[in-house]
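Residue numbers (my numbering): 6 to 144.
All residues carry an ideal CB built from backbone N, CA and C; glycine is no exception.
Notes follow the structure.
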Ligand code: UDP
Ligand code: MG
């Protein structure tokens, strides 16, 4: 196990549905430390840049419109194995396949509007954290 940082986003549906406290509470109860946090609204162009890895997927245009449709909460989570542990707390991308008790199984009812984003590896964690936070904003 290694001490890691990962980027978590509460997506526009999670914010709009009043799930900020619920999601953050799950992270804190799991022992993940919140090292930085802010609420922002991405432009369509910024959402396209953030999800550039998916630019050739059929859901790219809809996803980036959704991700820029309202405010999101961005966080740096830190802990042992934080990247995988956050993914475990989130559950599968498709809420219908997500394990019971995960954030997506409990709250998502749509494959696109699935409440949370989490980095999927060490390299993406580094670039995604740098996308949202500068040095002054990290503790
Ligand atoms: N997504 C979608 N349709 C799909 C697959 C993904 O709308 O068939 C959206 C969904 O919001 C997902 C995001 O695109 O969270 C990024 O997809 P990825 O495969 O990276 O899933 P994640 O890492 O978020 O679990
Ligand atoms: Mg992903």
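Less than 8 Å between the beta carbons of residue i and residue j, yes or no?
i           : j          : result
residue 81  : residue 95 : no
residue 153 : residue 14 : Given that the chain is displayed from residue 6 to residue 144, the structure contains no residue 153 and the question cannot be resolved.
residue 119 : residue 98 : yes
residue 130 : residue 9  : yes
residue 90  : residue 35 : yes
residue 106 : residue 11 : no
residue 25  : residue 39 : no
Leaving out the 5 sequence neighbours to the left and right, which residues in its chain are closer than 7 Å to residue i when beta-carbon positions are compared?
i           : result
residue 74  : 17
residue 138 : 41 and 81
residue 110 : 96, 100, 103 and 104
Here's a check: name, in chain order, each residue in its chain whose Cβ is nearer than 8 Å to the Cβ of residue i, leaving out the five neighbours to either side.
i          : result
residue 47 : 55, 72, 73 and 77
residue 45 : 76, 77, 79 and 137
Regarding residue i and the ligand UDP, is the C-beta to nearest heavy atom distance less than 7 Å?
i           : result
residue 64  : yes
residue 98  : yes
residue 33  : no
residue 61  : no
residue 125 : yes
residue 91  : no
By Cβ distance, which residues of its chain are closer than 6 Å to residue i, with the 5 residues on each side in sequence left out?
i           : result
residue 116 : 99
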